[in-house]
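Have a look at the structure below before the remarks.
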Amino acid sequence: MSMIGNYLPVSEEELNSLKENPESLSEFIYETKEDDIIDIDKAWHAIHFTLNGSEWEGLEPYFNVVLGGTPISDEDIGYGPARSLSPSQVKGVAVALEEIDEKSFRSKFNPKGLKKNDIYPQIWDEGEELLDYIADNYNEVRETFKDASINNQAMILFLC
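Residue numbering for the sequence shown follows our numbering, starting at 44 and increasing by one per position.
Next up, the structure:
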């Protein structure tokens, strides 16, 4: 089974409603907003490691890019609970990512470090195609945060 990183930009009102009615979270994510989910496939852990230099730790705002946020409920959405970032946290991430363009991201990418730290999905011998895959997904994340910031949206992050 694979672990897929997902992002769902939402209004602050929608997020507050979910926090007040956490039992509606799965339906909201998988039915109501299914078409709005941004899927970065298996690139999530490599993006986190590249930005933070750590398997599971990091400092804000870079930690918030993939693994940050506050659990919305205790419900397991796939691989743990869905987490949320407020509009102000989204803006902080967007500003930080603006400074790391694709060229900078590629220069930080370290396949040996990924392999040594057992970063999911453990495919770090596949060369330039792999870097293109991770960088393309990083660009998607970067644009998602930028757009959400411009629209003053919150963000839901989850692995499924």
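Quick reminder that beta carbons are idealized off the backbone N, C-alpha and C, glycines included.
A straight-line Cα-Cα distance of about 10 Å links L173 and A89. For P52, the enclosing beta strand (DSSP E) begins and ends at G48 to V53.
In this structure, DSSP gives I83 a state outside helix and strand, which the three-state scheme calls coil. When DSSP assignments are scanned along the stretch 73-133, the uninterrupted stretches of beta strand (DSSP E) that are 3 or more residues long and fall wholly within it turn out to be 126-128.
Cβ atoms of N160 and E98 come within 8 Å of each other, at about 5 Å. In the pairwise beta carbon analysis, the stretch 47-58 is classified as not touching the stretch 138-146: fewer than three pairs are separated by under 8 Å.
Collapsing the DSSP output to three states places F152 in coil.
For L58, same chain residues with a beta-carbon under 6 Å away, outside a window of 5 residues either side, are S127 and A197 in chain order. A residue is called buried once 16 or more other Cβ atoms fall within 10 Å of its Cβ, and Q132 is buried on that count. F201: member of the beta strand (DSSP E) spanning A197 to L202, first to last residue. DSSP places P164 in the coil class of the three-state scheme, outside both helix and strand. For K85, the closest C-alpha among the options G101, G123, G48 and K62 is that of G48.
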